[in-house]
Amino acid sequence: MKKALIISPYFAPSNAADMQRVRMSLPFYEDFNWQVEVVCVAEKFTDAVFDYLLNESVPNHIKIHKIKALPKKVTSRFGLGSIALRSLWFYKKYVNQLLKKEKFDLIFFSTTQFPVCILGSYWKKKFNIPYIIDMQDPWFTNYYEDKPKHKRPKKYWFSYRLDKYLEPIAMKDVCGLMAVSDAYLDDLVLRYPYLAKVAKATITFGGFKKDLEIANNHKNSLHLAYDSDAAFKHIVYVGRGGFDMQKAVSLLLKAFKKGLKSNYTIFSKLRFHFIGTSYAPLGSGQKTLYSVAERLGVEEYVSEQTDRISFYDSLYNLQSADALFIPGHEKPAYTASKMYPYIMTNKPILAVFNMQSSAAQSLIDCKAGYLADILNFKKSMEIIKCFLRGVAEENLPQLDTDWTEFEKYRARATTQKQCELFDSCVSKPSIN
Numbered sequence: 006m007k008k009a010l011i012i013s014p015y016f017a018p019s020n021a022a023d024m025q026r027v028r029m030s031l032p033f034y035e036d037f038n039w040q041v042e043v044v045c046v047a048e049k050f051t052d053a054v055f056d057y058l059l060n061e062s063v064p065n066h067i068k069i070h071k072i073k074a075l076p077k078k079v080t081s082r083f084g085l086g087s088i089a090l091r092s093l094w095f096y097k098k099y100v101n102q103l104l105k106k107e108k109f110d111l112i113f114f115s116t117t118q119f120p121v122c123i124l125g126s127y128w129k130k131k132f133n134i135p136y137i138i139d140m141q142d143p144w145f146t147n148y149y150e151d152k153p154k155h156k157r158p159k160k161y162w163f164s165y166r167l168d169k170y171l172e173p174i175a176m177k178d179v180c181g182l183m184a185v186s187d188a189y190l191d192d193l194v195l196r197y198p199y200l201a202k203v204a205k206a207t208i209t210f211g212g213f214k215k216d217l218e219i220a221n222n223h224k225n226s227l228h229l230a231y232d233s234d235a236a237f238k239h240i241v242y243v244g245r246g247g248f249d250m251q252k253a254v255s256l257l258l259k260a261f262k263k264g265l266k267s268n269y270t271i272f273s274k275l276r277f278h279f280i281g282t283s284y285a286p287l288g289s290g291q292k293t294l295y296s297v298a299e300r301l302g303v304e305e306y307v308s309e310q311t312d313r314i315s316f317y318d319s320l321y322n323l324q325s326a327d328a329l330f331i332p333g334h335e336k337p338a339y340t341a342s343k344m345y346p347y348i349m350t351n352k353p354i355l356a357v358f359n360m361q362s363s364a365a366q367s368l369i370d371c372k373a374g375y376l377a378d379i380l381n382f383k384k385s386m387e388i389i390k391c392f393l394r395g396v397a398e399e400n401l402p403q404l405d406t407d408w409t410e411f412e413k414y415r416a417r418a419t420t421q422k423q424c425e426l427f428d429s430c431v432s433k434p435s436i437n
């Protein structure tokens, strides 16, 4: 059995989105002849929201190494709060010692804390171990360059220049690339043409049945983040907000507003809840989605909680809703990794996506939800309005989800694809 070392600064019980691929894959790696160990940052050095129920999903035999990091209270004085930068030296020191003692066939970076990935090139040269980088998001990107300053992330000036410098270092000796979107890989090949010869795979996050079982087993201790008054029908979204999600939310609420004007009695039964929309520290997030409701004058029907909630609280909120909403992005590269647990709740789903995105295609293939085109205003208005009316009147046609088709999106199937990429990287040397 081959052996991989996984680098994931955030890990259970952290509720960070970028560790979920690895966590959901851990029960299945050995099915495909791979034994894995994880190196993460110890909880006390992170700034994540914790959900200790996540530990129930991690197989007991998996070895988890926990390292230190510089305290954020100290580094934030100098404007450096990133866990990647705070843990970089500790990763180098700890993994150096580990690789001297034990044999690993591969190093797998699965994180959006990308600066740690520069260590892949270092370890490749020092120990001759190939490495793979998982591009769950773009690393270096020009997306915000033409955006107004108030729409740019905090510390954008610094992160833009740091990413521009570090990404080439990490890509120089990479053996394989994984991504949630073809577009992320295409962008990298445009910047670094030699990557065209590197093994690549587009693999979404999988649907993990055990998570819903854990949520059901603990539902008496979980909490709703919204008022579930039975007099109303509650449509829920749990996930990141931001200015780039405003167009999808605007389509939703414009259709709702039209419904209020044409049939107030029916549409006034609806309530919309956006939960966990900001990665900012608790209590300091900006309500980027509620502001859309304010502009449209429908704010009394909408709530937004920017503070993130625990993972299983998220599932409980989805399971308790009358219907679910998934906002997408104008660009086809956007992939809603949260979509698969949404589907597994078996609730009515409305998604507003670019129809060319892989997320849209997945929803179509599985016949799992109602889909509105973010680029087609007129048609989307009708689809959304019909969906909302159906939820309000409790007569929405039941979709017959194709669970056989959905099998390829489950965690075991996506883990198999990961292991196929692992195998291709250890069977041949790096091109550099």
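In my numbering, the protein residues as written are 6 to 437.
Where a beta carbon is used, it is the ideal one built from N, C-alpha and C, also for glycine.
Next on the checklist: I need the boundaries of the beta strand (DSSP E) containing I388, first residue and last residue.
Outcome noted: Residue 388 sits at position 383 when you count from the first residue of the sequence shown. Not the beta strand (DSSP E): I388 falls in the alpha helix (DSSP H), residues 382 to 398.
Checklist entry - Excluding five sequence neighbours on each side, which residues of the same chain lie with their C-beta closer than 8 angstroms to the C-beta of E4? => result Any answer about residue 4 is impossible in this case: the structure gives the chain only from 6 up to 437.
Next on the checklist: Below 8 angstroms on the Cβ atoms is my contact criterion, and I expect V54 with S315 to pass it. Report the Cβ-Cβ distance as a whole number of Å.
Outcome noted: For the purposes of this step, residue 54 is taken as the residue at position 49 of the sequence shown. For the purposes of this step, residue 315 is taken as the residue at position 310 of the sequence shown. That belief holds up - the Cβ atoms of V54 and S315 are roughly 6 angstroms apart, short of 8 angstroms.
Checklist entry - Using the beta-carbon count (16 or more within 10 Å), is P64 buried or exposed? => result Stepping through the sequence shown from its first residue, residue 64 is reached at position 59. It counts as exposed.
Item to check | A201 and M183 closer than 7 angstroms at C-beta | outcome: Start at 1 with the first residue of the sequence shown, and residue 201 comes out as number 196. Start at 1 with the first residue of the sequence shown, and residue 183 comes out as number 178. Cβ distance not < 7 angstroms, so A201 and M183 don't count as in contact.
Item to check | W162 burial status per 10 Å Cβ neighbour count (16 or more: buried) | outcome: Working through the sequence shown from its first residue, we reach residue 162 at position 157. Legend: pLDDT at W162 = 46, less than 50; position of this residue unreliable, no value from coordinates given.
Checklist entry - Based on Cα-Cα distance, which residue from T117, P402, Y57, K343 lies nearest to E172? => result Within the sequence shown, the letter at position 167 stands for residue 172. Ranking the options by Cα distance to E172, first place goes to T117.
Next on the checklist: Rounded to whole angstroms, what is the Cα-Cα separation between K352 and Y345?
Outcome noted: As a working note, residue 352 is residue 347 in the sequence shown. As a working note, residue 345 is residue 340 in the sequence shown. Answer to the nearest angstrom: the Cα atoms are 12 angstroms apart.
Checklist entry - Does the stretch 27 to 39 come within contact of the stretch 125 to 133, defined as at least 3 CB pairs closer than 8 angstroms? => result no
Checklist entry - M24: buried (16+ other C-beta within 10 angstroms of its C-beta) or exposed? => result To locate residue 24, count along the sequence shown from 1; it is residue 19. The residue is buried, with at least 16 neighbouring Cβ atoms inside 10 Å.
Item to check | Close-in-space but distant-in-sequence residues of the same chain around S289 (CB under 6 angstroms, 5 per side omitted) | outcome: Counting from 1 along the sequence shown, the entry for residue 289 is found at position 284. Excluding residues within five positions, none has a Cβ falling inside 6 angstroms.
Item to check | Where Y57 falls, given that 16 or more other Cβ within 10 Å makes a residue buried | outcome: For the purposes of this step, residue 57 is identified with residue 52 of the sequence shown, where counting begins at 1. Exposed.
Checklist entry - Are the CB atoms of V357 and A377 nearer to each other than 7 angstroms? => result Stepping through the sequence shown from its first residue, residue 357 is reached at position 352. Stepping through the sequence shown from its first residue, residue 377 is reached at position 372. Contact: yes.
Checklist entry - Among the residues of its own chain, which have a CB less than 6 angstroms from the CB of F119, if the five just before and after it don't count? => result The sequence position of residue 119 within the sequence shown is 114, counting from 1. Excluding positions up to five away in sequence, the list reads W144.
Next on the checklist: Taking a contact to mean a Cβ-Cβ separation below 7 angstroms, would you say I174 touches I123 in this structure?
Outcome noted: For the purposes of this step, residue 174 is identified with residue 169 of the sequence shown, where counting begins at 1. For the purposes of this step, residue 123 is identified with residue 118 of the sequence shown, where counting begins at 1. The answer is yes: Cβ separation under 7 angstroms.
Checklist entry - Since G181 is in the beta strand (DSSP E), which residue starts that stretch and which ends it? => result In the sequence shown, residue 181 corresponds to position 176, counting from 1. Under the DSSP assignment, G181 falls in the beta strand (DSSP E) whose first and last residues are 181 to 184.
Checklist entry - In this structure, what does DSSP give as the bridge partners for G212? => result Position 207 of the sequence shown, counting from 1, holds the residue named residue 212. In the DSSP output, where bridge partners are listed per residue, G212 has R415.
Item to check | For Q310 and A220, believed in contact at Cβ under 8 angstroms, the rounded distance | outcome: Stepping through the sequence shown from its first residue, residue 220 is reached at position 215. Stepping through the sequence shown from its first residue, residue 310 is reached at position 305. That belief does not hold up - the Cβ atoms of A220 and Q310 are roughly 19 angstroms apart, past 8 angstroms.
Checklist entry - DSSP three-state call for E218: helix, strand or coil? => result Mapped onto the sequence shown, residue 218 falls at position 213. Three-state DSSP puts E218 in a helix.
Item to check | Pick from I69, S62, Y15, F113 that is closest to L90, judged by C-alpha positions | outcome: Translated into the one-based positions of the sequence shown, residue 90 becomes position 85. Looking at the Cα atoms, Y15 is the closest of the given residues.
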